[in-house]
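Student:
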Amino acid sequence: MTFPERFSNLPPYAFPRLRSLLAGLEPGGVPVDMTIGSPLHPFPHWISEIVAAHAAGFGGYPPNDGTPELQSAIAAWIARRYGVSVEAGTQIMPLNGTREGLFNAALALCPEEKSGKPVILTPNPFYQVYAVAALAVGAEPVYVPATRDTDFMPDFASLSEDVLKRTAIAYICSPSNPQGAVATPEYWADLLALAEKHDFKIFADECYSEIYREAAPMGALTAAKDHDPERVVLFNSLSKRSNLAGLRSGFAASGPENVKRLKALRAYAGAPLPLPLQRVAEMVWADEEHVEANRALYREKLDFSDSLFGDVEGYKPPQAGFFLWLPVEDGEETTKKLWSETGVKVLPGAYLGRDYQGSNPGANYIRVALVAPMNELQPGLTRLKSCVYG
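Under full-length UniProt numbering, residues 1 to 390 are what the sequence shown spells out, in order.
Below, the structure is given as structure tokens:
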């Protein structure tokens with residue numbers, strides 16, 4: 001199968017698809033964009049000073065595997081956050097944003113066959129890079145519904161024996177995008193047991209791990225600390241934690257053999273972070289004060305959302321992250337109605353999912369990003385509530 005054929009059945013990416021849906025429709029009020037999860041809270045004020053102090057580093061090639069200081073800063077953060085000790089030089093690979101890692105890890109770690117054609121599992125709805133990574137390596141993507149009936153986490157154990165024995169990788173996002181669900185310790189234990197039984201790796205996308213209400217969500221490394229370190233690959237970044245999506249600083253952490261293979265691919269196909277930005281990342285991973293301030297702002301938004309939508313049938317308060325996953329009759333029709341009548345722009349849930357057994361688990365939802373300032377967010381959400389729910 002050629003490269004173009006592998007991708008011939010991909011639907012348009014969510015945001016171009018949204019533009020087509022709303023083409024020709026005028027906003028019915030002051031526009032408020034609640035579609036994309038691009039953080040808008042302030043990032044640490046001292047970052048510009050660090051960039052300036054190390055600006056000469058733009059003149060040279062950056063270290064491909066990250067500076068030793070950056071690797072150590074990430075290892076120290078993992079120890080504080082997850083209570084797990086990892087070797088900075090052999091178990092961590094700094095990334096140019098986690099999208100790079102989530103994609104390239106499949107290239108580096110998915111076998112060419114596993115009891116036949118390998119399978120890569122992904123939640124449904126999901127972050128679209130998971131599916132593209134599966135297609136890029138010639139694996140069969142299997143979309144596992146994450147619905148209200150399963151507490152918005154994918155029920156991997158419900159899959160057939162044939163699928164599980166061919167499974168090479170399972171992507172899991174906790175806290176989840178778009179629903180804000182969190183994997184419990186029991187969920188992690190069951191998933192790890194399933195992975196060991198059928199010998200597949202878990203790719204844990206935890207980019208929303210630092211935006212939560214009360215208790216910090218359990219992470220994959222914590223859950224797997226008594227298991228083979230090669231079983232889990234953890235991905236995280238500064239994009240949401242520190243409102244630095246443009247910095248492109250993330251990391252992958254796993255066992256030494258997995259990281260060795262990731263680094264081997266990175267040497268040929270990677271794009272390391274410029275050295276001054278690595279110096280910034282070293283300091284940002286080490287600081288928690290700005291993270292706590294950021295989390296407090298999101299808690300305020302989540303509390304307001306609960307007070308506004310708490311009486312809506314089917315509303316489930318998100319446990320973490322900064323999205324609302326609101327139940328509606330039809331996601332696309334609701335999105336058009338909201339835009340044309342109120343100027344509030346949201347994303348149809350179906351654009352984040354795939355058809356499964358004749359239905360798309362996101363079809364009757366809209367995703368609402370809580371990233372706008374409160375003075376825009378409150379009236380925008382109030383208009384949404386009045387327009388959609390009366």
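Glycine residues also receive a C-beta, built at the ideal position from the N, C-alpha and C atoms.
Along the chain, where does the alpha helix (DSSP H) that runs through R266 open and close?
Tutor: 256-269 is the extent of the alpha helix (DSSP H) around R266.
Student: Comparing alpha-carbon positions, which option in S242, S72, R241, D199 lies nearest E113?
Tutor: The shortest Cα separation from E113 among S242, S72, R241, D199 belongs to D199.
Student: Taking V163 as the reference, which of G138, F203, Y356, S115 has the closest Cα?
Tutor: The residue with the shortest Cα to Cα distance from V163 is S115.
Student: Identify the continuous alpha helix (DSSP H) that holds N294 and give its terminal residues.
Tutor: Here the alpha helix (DSSP H) through N294 covers 289-309.
Student: Per DSSP, what kind of secondary structure is N64 in: helix, strand or coil?
Tutor: Three-state result, N64: coil.
Student: So P123 is in the beta strand (DSSP E); what residue range does that whole segment cover?
Tutor: Segment 119-124, the beta strand (DSSP E) holding P123.
Student: Take P185 and list the residues in its own chain whose beta-carbon comes closer than 6 Å to its own, dropping the five residues that flank it on each side.
Tutor: For P185, where only same-chain residues beyond five positions count, the Cβ hits under 6 Å are M218.
Student: Would you decide whether F203 is buried or exposed? Buried here means 16 or more other CB atoms lie within 10 Å of its CB.
Tutor: Buried, since its Cβ has 16 or more Cβ neighbours within 10 Å.
Student: Return yes when the Cβ of A195 is within less than 8 Å of the Cβ of residue 408, no when it is not.
Tutor: Outside the shown range of the chain, which is 1 to 390, sits residue 408, and nothing can be said about it.
Student: Of the choices T147, G57, S38, whose alpha-carbon is the least far from that of P276?
Tutor: The option with the nearest alpha carbon to P276 is G57.
Student: How would you write the range of the alpha helix (DSSP H) that residue 419 sits in, first residue to last?
Tutor: This structure cannot speak to residue 419, because the chain is shown only from 1 to 390.
Student: On a CA-only basis, which of Y187, A14, M34 is nearest Y127? Give me that one, please.
Tutor: It is A14 whose Cα lies nearest to the Cα of Y127.
Student: When burial is assigned at 16 or more other CB atoms within 10 Å of the CB, is S20 buried or exposed?
Tutor: Flag for S20 reads exposed.
Student: In the DSSP assignment, what are the bridge partners of A170?
Tutor: In DSSP, A170 forms a bridge with L121, I202.
Student: Name the residue from L338, N258, R354, E300 whose alpha carbon lies nearest to the alpha carbon of G321.
Tutor: It is E300 whose Cα lies nearest to the Cα of G321.
Student: Does DSSP put E214 in a helix, in a strand, or in coil?
Tutor: The answer is coil: DSSP assigns E214 none of H, G, I, E or B.
Student: From R367 to G59, what distance separates their C-alpha atoms?
Tutor: Approximately 42 Å, taken between the alpha carbons.
Student: Which value, in whole angstroms, describes the spacing of the CA atoms of K201 and S307?
Tutor: So the two alpha carbons sit approximately 40 Å from each other.
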